[in-house]
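Undergrad: Here it is, the structure, as structure tokens.
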Amino acid sequence: MKRPAAKASGKPASLKAKQPKPAGSYSRLVSAKAWAADKLARKGGRVHIFNATRPHGMDGWTMDLKQYELIRSHILKTIDQKGDADGAVPLQLVVDTAQTRYQQHKLFPKGRLTNYVRYTKVDLEARQEVERVPGSGSQKIRRCK
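If you read the sequence shown in the numbering used here, its first letter stands for residue 7, the second for the next number, and so on.
Here it is, written out as structure tokens:
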């Protein structure tokens with residue numbers, strides 16, 4: 007038995023418009039397995055990075071606990087201090103201020119902080135401490151309500 011032919015759109019998959027994830031998909035609850043992995047990692051001075059869009063909410067890697075706590079604190083303080091009327095702040099502002107503030111910090115010997123901020127932000131979304139502002143064009147984040 008043959009399957010019916012798929013309807014062709016005329017564009018290769020790589021050129022089709024990427025559909026945005028539904029609101030809230032970045033802050034779904036992570037599994038007990040993820041929390042157990044994080045608890046174990048913290049005993050060794052690491053943090054298991056969560057990602058609500060991955061299986062069990064785990065990205066599969068860890069970050070140094072001191073680096074994580076410093077960047078987490080920076081993200082939350084930036085939201086509190088520079089948030090607009092809705093409490094939102096552009097993610098790029100958070101990245102830029104972290105880069106300026108911590109590029110000479112001993113915890114970041116190579117001086118590049120972009121990925122540390124972005125990965126920590128994804129983790130904070132999964133832990134439901136921050137959320138993306140839907141429909142804001144360039145990405146904005148705020149504390150979860």
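The beta carbon of each residue, even a glycine, is placed where N, CA and C say it ideally should be. Since this is a predicted model, take the numbers as computed values, not measurements.
Contact between the segment 114 to 128 and the segment 73 to 90: three or more CB pairs below 8 Å?
TA: In short, these stretches touch, since the Cβ pair count reaches three.
Undergrad: In the DSSP assignment, find the beta strand (DSSP E) that holds D65 and state where it starts and stops.
TA: Element bounds for D65: 64 to 70.
Undergrad: Going along the chain, which residues of its own chain have a beta-carbon closer than 6 Å to the beta-carbon of S37, five neighbours each way excluded?
TA: H62, G63, listed in sequence order.
Undergrad: Pick helix, strand or coil for E137, following the three-state DSSP scheme.
TA: E137: strand per DSSP, three-state reduction.
Undergrad: In whole angstroms, what separates the C-alpha of G50 from that of K83?
TA: Going by the C-alpha atoms only, they are around 26 Å apart.
Undergrad: Rounded to whole angstroms, how far is the Cβ of R92 from the Cβ of R149, which I believe are closer than 8 Å?
TA: Before going further, note that residue 92 is Asp rather than Arg in the sequence given. In fact, because the Cβ distance is near 11 Å, the residues do not count as touching under 8 Å.
Undergrad: Take the Cβ of D86 as the centre, count every other Cβ of all protein chains shown within 10 Å, and call the residue buried at 16 or more, exposed below.
TA: Per the 10 Å Cβ criterion, exposed.
Undergrad: Run through DSSP, which three-state label would H2 get?
TA: The shown model of the chain, from 7 to 151, leaves out residue 2, and the question about it has no answer.
Undergrad: Determine which residues share a DSSP beta bridge with V36 and list them.
TA: The partner list for V36 (beta bridge, DSSP) is empty, contrary to what the question assumes.
Undergrad: Looking at the secondary structure, which residues open and close the beta strand (DSSP E) in which R149 lies?
TA: Residues 146 to 149.
Undergrad: In terms of residue numbering, what span does the alpha helix (DSSP H) encompassing A132 cover?
TA: Note, A132: alpha helix (DSSP H), 120 to 132.
Undergrad: Helix, strand or coil: how does DSSP classify P61 here?
TA: Of the three classes helix, strand and coil, the one that applies to P61 here is helix, per DSSP.
Undergrad: Just reading off the alpha helix (DSSP H) that L113 is part of, what are its end residues?
TA: Premise fails: L113 is in no alpha helix (DSSP H) and is neither H nor E.
Undergrad: Quick check: the Cα distance between G143 and P96, rounded to an integer number of angstroms?
TA: For G143 and P96, the distance between alpha carbons rounds to 10 Å.
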